[in-house]
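Engineer: Input: one structure, supplied below.
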Amino acid sequence: MMSSFTNAQARLSSSSGSSALPYMNEFIKLPKLPLSAAPYSIAPSALADGCVTEKVITRLRKRNETLTNEQDQYKEALYTLNKEVTKLNEKLKEESHQWEKEQEAKATLEKELTTLLGQVETAMADVITELKASQPFIDACAFYYGDKFEDCLKQVKSIYPHLDLSKVTMDDPLPSTPIGDTIFEDIEDST
Numbered sequence: 001m002m003s004s005f006t007n008a009q010a011r012l013s014s015s016s017g018s019s020a021l022p023y024m025n026e027f028i029k030l031p032k033l034p035l036s037a038a039p040y041s042i043a044p045s046a047l048a049d050g051c052v053t054e055k056v057i058t059r060l061r062k063r064n065e066t067l068t069n070e071q072d073q074y075k076e077a078l079y080t081l082n083k084e085v086t087k088l089n090e091k092l093k094e095e096s097h098q099w100e101k102e103q104e105a106k107a108t109l110e111k112e113l114t115t116l117l118g119q120v121e122t123a124m125a126d127v128i129t130e131l132k133a134s135q136p137f138i139d140a141c142a143f144y145y146g147d148k149f150e151d152c153l154k155q156v157k158s159i160y161p162h163l164d165l166s167k168v169t170m171d172d173p174l175p176s177t178p179i180g181d182t183i184f185e186d187i188e189d190s191t
């Protein structure tokens, strides 16, 4: 067997391509079919299987194309969404920065307002002190309280007729009753 293989190989290498075919048939030993029998040698079930396979392949190609188109659409949608997210993030950063500036301005204005309110309170206290020290205010109070003081003395005298109110004056800065004494002690003593 080995020698026939070597002989065939030697014939192939020494001859040209077209004359090598008869020697190949010798080596491979293919059966020779008549030309009229060749188309009928494929079984009908094999043809049917081939058609089914072609249909399956066609369906799979269409499905693959559909999936590829969907994938492209998803990629495009994802790209669009990523762009929108990027824009929204930038807008959020800008608005956050603006909000921080507004908070700083608010804090500054609150400090200024607190300072101004303190100044207003101080100014009002100064104005009130100055007003109380002014002569027109003292005159107005003296007139008003003078009349009311006299009315008060009359009421006290009507309630306590035995009290001596002659020592009580409106301009007296010191109390007429010593610290240890009370009015009620004077009333008890006089009775």
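According to UniProt numbering, the sequence shown is numbered sequentially starting from 1.
Beta carbons are placed, not taken as given, at the ideal position from N, Cα and C, and that holds for glycine.
Extract the residue ranges of the beta strand (DSSP E) inside the stretch 44-126, only unbroken runs of 3 or more that lie entirely within it.
Structural biologist: none
Engineer: Roughly how many whole angstroms lie between the Cα atoms of K83 and E90?
Structural biologist: 11 Å
Engineer: State the Cα-Cα distance for the pair E110 and Q98, rounded to the nearest angstrom.
Structural biologist: The C-alpha of E110 lies about 18 Å from the C-alpha of Q98.
Engineer: Given this structure, state the Cα-to-Cα distance separating T66 from K75, to the nearest angstrom.
Structural biologist: 14 Å
Engineer: Classify S158 as helix, strand or coil using the three-state DSSP reduction.
Structural biologist: helix
Engineer: I'd like the list of long-range same chain contacts for A105, defined as Cβ closer than 8 Å, with 5 residues on each side in sequence excluded.
Structural biologist: The beta carbon of A105 sits closer than 8 Å to none of the beta carbons in its chain outside the five residues before and after it.
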